[in-house]
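Asks: Dropping the structure in here first, questions after.
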DNA sequence: TTGAAAGCGCTAACAA
DNA sequence: TTGTTAGCGCTTTCAA
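Chains as they are written, first to last, in the numbering used here: chain R, 1 to 339; chain D, 340 to 678.
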């Protein structure tokens, strides 16, 4: 096969073919550009004949943004994260932006990576998981670059935040288990603290304790299915048998806990122990789990994020915003609620 | 909060502060640039003092590519797809590229979307799910733009392909079920044909039929968990009871089928029916499913994709390549293999 | 509404 | 090794 490479046609080529100036070409491709229908028609025809496309790099160099939005996410292969990124990406694209994806597994490199986004004149940045390094945030602030943080703490000093209402969520979870007749509560959480996960777990513990239900805290090494399963599989038997209502700080952990309880420990759910998760990932609804959970509305979350971004790009200069997304309880088969 | 916006420092600013020329600045930021350690030091110091970063837009305008790689994927919130994208993104970034993510749910828009990538002088494109529109492929070919297709048919005329060895995979699946003692086979596949899914299902049917095991084909409305579950839940009882070994063309479908069999139809797996999936998504290994499956090595796949891309960018002008990725059988609890 | 000209920030070819 | 110069392809004043 021949791999002859043609030069990409430029606005100059189009202008020549259409018999107009390069400015005319530019205007033809600028929404709302002041150009007569006839010239626009000529340009469009010439352009499609040559296979011309506006060079977004050159355009972005000229204007102040390139239409690219940085999307920073770790653990993309996790159910919750992947649906967040999927929704965000769809919405961004629908609004005419192009998401540039930075998946950052090793925190050491992250800084440099994210920094490189600035070189693309991004229109804004979205952080779903990692907290941006302080230096970077400082730079974003310097250049007035819109930043939206999802489920992150608000100590960066710059950037709007969209967070699940973890305080309410944790309390909801506790009240729910109590309403379902659980009296001796447990809470499974990862050893390493994380804004949202620790927040809701703490709220759960506080709320339950206040209501006279002390909480046994169970720790897992990390937030994955396997971590949670191992955590429960190795948990002290006495502690486990003391609990009749277990809140897991994410669905993924709840699923691991469920399998550990049923398979590894022979504990019947919900008969001997009720289990409640958080997030409402797709797998929570699968038949073998049928997990009761507190649902985050990912669609709504994504919509809020993109709206904030657009408002900022439109020049909204008010101080950092905080949007709390509402939560809903989804009662399924791992709790003994009155149906 | 003050939202004063500074101008971004340019190489000019850095040059002035460092007392050198703009080319020196450029060279200082070009790997392998011919520059003395002293000047580089001066430049670096000045740059970090000003918070300078190379403008990739301008750089990309000058050189022939922007370092951006287009990554086209649909159904990103699906386990297999999300891990593919996660690995690809990681590898691309490690190689110094920036993935631009196009998630295309509605095929009508896709063309325009993907086209817009060309405007960013992308260094290459990766298609994980959708087949690129023919016009677009033609343009990629015209400009010599590297394209890699994952699990796509090879009828586009341009682009290297990385595919699971579906033919072998389907045969492996059939042989495996037969080896495990299944005699009356079934195959669950989506109604709508897809390159990989239909390919392996067809291979399964062909192989089994040749060996004297006719196959009952069961159809689901689509490839999701729910589609598969509904498909089995509504399947004809006679047909279902005639089958003792069921191959599902993806793990996601297999999990839906498993839940339907056990929960909706009261059929014991693997006692009454053995079940085998394909892909080895994370959930297949979860305790409640413990699904036997044929594994695609996603890491290896991603590595191959990126390698091909890099070879092409380095000027490899050989004709379209086809890389078959090997498959491994993972025997878990849904088959009655000799342990 | 149109075209000419300047310039976005950078790199690369050339000359010193 | 360094600086000078000429673009990369586009948008955007500014005049006409």
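Each residue gets a CB set at the ideal place from its N, CA and C atoms; glycine is no exception. Note that the coordinates shown come from a computational prediction; the quantities given were computed from them, not determined experimentally.
On the DSSP letters alone, give me the boundaries of the beta strand (DSSP E) that residue 632 (chain D) sits inside.
Replies: Mapped onto the second chain, residue 632 (chain D) falls at position 293. Looking at the DSSP string, the run of the beta strand (DSSP E) that includes residue 632 (chain D) is 631-635.
Asks: Hey, how far is the Cα of residue 5 (chain R) from the Cα of residue 250 (chain R)?
Replies: By one-based count along the first chain, residue 5 (chain R) stands at place 5. By one-based count along the first chain, residue 250 (chain R) stands at place 250. Spanning the two alpha carbons is a distance of roughly 51 Å.
Asks: May I ask you to list the residues that DSSP assigns as paired with residue 153 (chain R)?
Replies: If you number the first chain from 1, residue 153 (chain R) lands on position 153. Paired residue(s): none; residue 153 (chain R) is not in a bridge.
Asks: Do you know whose CA, among R:230, R:155, R:287 and R:151, lies nearest residue 298 (chain R)'s CA?
Replies: In the first chain, the residue the question calls residue 298 (chain R) occupies position 298. Here the closest residue by C-alpha is R:151.
Asks: Could you check the C-alpha separation between residue 59 (chain R) and residue 126 (chain R) for me, to the nearest Å?
Replies: Counting from one through the first chain, the residue named residue 59 (chain R) turns up at place 59. Counting from one through the first chain, the residue named residue 126 (chain R) turns up at place 126. Rounded to whole angstroms, residue 59 (chain R) to residue 126 (chain R) spans 23 Å at the Cα level.
Asks: I believe residue 526 (chain D) touches residue 554 (chain D) by the beta-carbon criterion, under 8 Å. Please report the beta-carbon distance rounded to the nearest angstrom.
Replies: For this step, residue 526 (chain D) is matched to residue 187 along the second chain. For this step, residue 554 (chain D) is matched to residue 215 along the second chain. Yes, residue 526 (chain D) and residue 554 (chain D) are in contact; Cβ-Cβ is about 5 Å, under 8 Å.
Asks: How long is the line joining the alpha carbons of residue 667 (chain D) and residue 635 (chain D), rounded to whole angstroms?
Replies: Numbered from 1 along the second chain, position 328 holds the residue referred to as residue 667 (chain D). Numbered from 1 along the second chain, position 296 holds the residue referred to as residue 635 (chain D). Using only the alpha carbons, I get a separation of about 7 Å.
Asks: Please state the DSSP three-state secondary structure of residue 351 (chain D).
Replies: By 1-based counting over the second chain, the position of residue 351 (chain D) is 12. Residue 351 (chain D) falls in the helix class under three-state DSSP.
Asks: Going by alpha carbons, who is nearest to residue 457 (chain D) out of R:178, R:51 and R:87?
Replies: The count along the second chain starts at 1 and reaches residue 457 (chain D) at position 118. For the residues R:178, R:51 and R:87, the minimum Cα distance to residue 457 (chain D) belongs to R:51.
Asks: At what residues does the alpha helix (DSSP H) containing residue 253 (chain R) begin and finish?
Replies: Mapped onto the first chain, residue 253 (chain R) falls at position 253. Note, residue 253 (chain R): alpha helix (DSSP H), 251-259.
Asks: Is residue 193 (chain R) a contact residue of the ligand ATP, with contact defined as CB to any heavy atom under 7 Å?
Replies: This structure lacks the ligand ATP; in fact it carries no ligand of any kind.
Asks: Rounding to the nearest angstrom, what Cα-Cα distance links residue 434 (chain D) and residue 330 (chain R) in this structure?
Replies: Position 95 of the second chain, counted from the start, is the residue given in the question as residue 434 (chain D). Position 330 of the first chain, counted from the start, is the residue given in the question as residue 330 (chain R). Approximately 43 Å between the Cα atoms of the pair.
Asks: In the DSSP assignment, the beta strand (DSSP E) including residue 583 (chain D) goes from what residue to what residue?
Replies: Counting from one through the second chain, the residue named residue 583 (chain D) turns up at place 244. Neither: residue 583 (chain D) is in no beta strand (DSSP E) and is coded neither H nor E.
Asks: So does the segment 596-606 of chain D actually touch the segment 617-625 of chain D, counting three or more Cβ pairs closer than 8 Å?
Replies: Judged by Cβ distances under 8 Å, the segment 596-606 of chain D makes no contact with the segment 617-625 of chain D, as fewer than three pairs qualify.
Asks: Quick check on DSSP: helix, strand or coil for residue 268 (chain R)?
Replies: Working through the first chain from its first residue, we reach residue 268 (chain R) at position 268. Three-state result, residue 268 (chain R): coil.
Asks: Secondary structure at residue 379 (chain D), three-state DSSP: helix, strand or coil?
Replies: Here the question's residue 379 (chain D) lines up with position 40 in the second chain. In the structure shown, residue 379 (chain D) sits in a helix (DSSP, three-state: H, G or I).
Asks: Could you tell me the boundaries of the beta strand (DSSP E) in which residue 407 (chain D) lies?
Replies: Along the second chain, one-based indexing puts residue 407 (chain D) at 68. It spans 407-412 - the beta strand (DSSP E) in which residue 407 (chain D) sits, taken as one unbroken run.
Asks: Flag this pair as yes or no: are the beta carbons of residue 383 (chain D) and residue 367 (chain D) separated by less than 8 Å?
Replies: Counting from one through the second chain, the residue named residue 383 (chain D) turns up at place 44. Counting from one through the second chain, the residue named residue 367 (chain D) turns up at place 28. The answer is yes: Cβ separation under 8 Å.
Asks: Residue range of the alpha helix (DSSP H) that residue 160 (chain R) falls in?
Replies: As a working mapping, residue 160 (chain R) is identified with position 160 in the first chain. Premise fails: residue 160 (chain R) lies in the beta strand (DSSP E), 160-164, not in any alpha helix (DSSP H).
Asks: Cβ of residue 607 (chain D) less than 8 Å from any chain R Cβ?
Replies: Walking along the second chain from the start, residue 607 (chain D) turns up at place 268. No, residue 607 (chain D) lies away from the interface with chain R (no Cβ there is under 8 Å from its Cβ).
Asks: Strictly below 7 Å CB to CB, what residues from chain D border residue 60 (chain R)?
Replies: Here residue 60 (chain R) is taken as the residue at index 60 of the first chain, counted from 1. Correct list: 396.
Asks: Let's test the definition: count the other Cβ atoms within 10 Å of the Cβ of residue 576 (chain D) and tell me whether it reaches 16, buried, or not, exposed.
Replies: As a working note, residue 576 (chain D) is residue 237 in the second chain. It counts as exposed.
Asks: Which residues mark the beginning and the end of the alpha helix (DSSP H) in which residue 342 (chain R) is found?
Replies: The structure shown does not extend to residue 342 (chain R), since chain R is modelled only from 1 through 339, so no value can be given for it.
Asks: Within its chain, find whatever has a CB closer than 8 Å to the CB of residue 352 (chain D); leave out the 5 residues flanking it on each side and keep chain order.
Replies: Taking the second chain and counting its residues from 1, the one referred to as residue 352 (chain D) is at position 13. Cβ neighbours of residue 352 (chain D) beyond the five flanking positions: 389 and 391.
Asks: Would you please verify whether the beta carbon of residue 144 (chain R) is less than 8 Å from any beta carbon of chain D?
Replies: Taking the first chain and counting its residues from 1, the one referred to as residue 144 (chain R) is at position 144. Yes, residue 144 (chain R) counts as interfacial toward chain D.
Asks: So which of R:91, R:270, R:227 and R:230 has the shortest CA-CA distance to residue 244 (chain R)?
Replies: Looking up residue 244 (chain R) in the first chain gives position 244. For residue 244 (chain R), the nearest C-alpha among the options comes from R:270.
Asks: Do the segment 127-134 of chain R and the segment 64-84 of chain R touch if we need at least three Cβ pairs shorter than 8 Å?
Replies: Touching, yes.
Asks: Beta-carbon within less than 7 Å of residue 305 (chain R)'s beta-carbon, same chain only, minus the 5 sequence neighbours each way: which residues are those?
Replies: Your numbering for residue 305 (chain R) matches position 305 in the first chain. Around residue 305 (chain R): 88, 126, 148, 150 and 162.
Asks: Taking 8 Å as the limit between beta carbons, can you name the residues of its chain near residue 61 (chain R), skipping five residues before and five after?
Replies: One-based indexing of the first chain puts residue 61 (chain R) at position 61. Excluding positions up to five away in sequence, the list reads 121.
Asks: Does DSSP put residue 442 (chain D) in a helix, in a strand, or in coil?
Replies: Mapped onto the second chain, residue 442 (chain D) falls at position 103. If DSSP states are grouped into helix, strand and coil, residue 442 (chain D) belongs with the strands.
Asks: In terms of residue numbering, what span does the alpha helix (DSSP H) encompassing residue 323 (chain R) cover?
Replies: The sequence position of residue 323 (chain R) within the first chain is 323, counting from 1. Careful: residue 323 (chain R) lies outside any alpha helix (DSSP H), inside the beta strand (DSSP E) at 322-325.
Asks: Please list, in chain order, the residues of the segment 438-454 of chain D that have any C-beta partner in chain R closer than 9 Å.
Replies: Taking 9 Å as the Cβ-Cβ cut-off against chain R, the residues of the segment 438-454 of chain D that qualify are 438, 439, 440, 441, 442, 443, 444, 448, 452 and 454.
Asks: Rounded to the nearest angstrom, what separates residue 365 (chain D) and residue 20 (chain R) at their Cα positions?
Replies: As a first step, residue 365 (chain D) is located in the second chain; it is residue number 26 there, counting from the start. As a first step, residue 20 (chain R) is located in the first chain; it is residue number 20 there, counting from the start. For residue 365 (chain D) and residue 20 (chain R), the distance between alpha carbons rounds to 36 Å.
Asks: Would you kindly work out how many angstroms separate the C-alpha atoms of residue 321 (chain R) and residue 144 (chain R), rounded to a whole number?
Replies: Numbered from its first residue, the first chain carries residue 321 (chain R) at position 321. Numbered from its first residue, the first chain carries residue 144 (chain R) at position 144. Residue 321 (chain R) and residue 144 (chain R): Cα-Cα distance of roughly 15 Å.
Asks: Are the Cβ atoms of residue 190 (chain R) and residue 227 (chain R) separated by less than 8 Å?
Replies: Here residue 190 (chain R) refers to the residue found at position 190 of the first chain. Here residue 227 (chain R) refers to the residue found at position 227 of the first chain. In this structure, residue 227 (chain R) lies closer than 8 Å to residue 190 (chain R) by Cβ.
Asks: Determine the direct distance from the alpha carbon of residue 561 (chain D) to that of residue 596 (chain D), and round the result to whole angstroms.
Replies: What you label residue 596 (chain D) is simply residue 257 of the second chain in a count that begins at 1. What you label residue 561 (chain D) is simply residue 222 of the second chain in a count that begins at 1. Cα-Cα distance, rounded: 13 Å.
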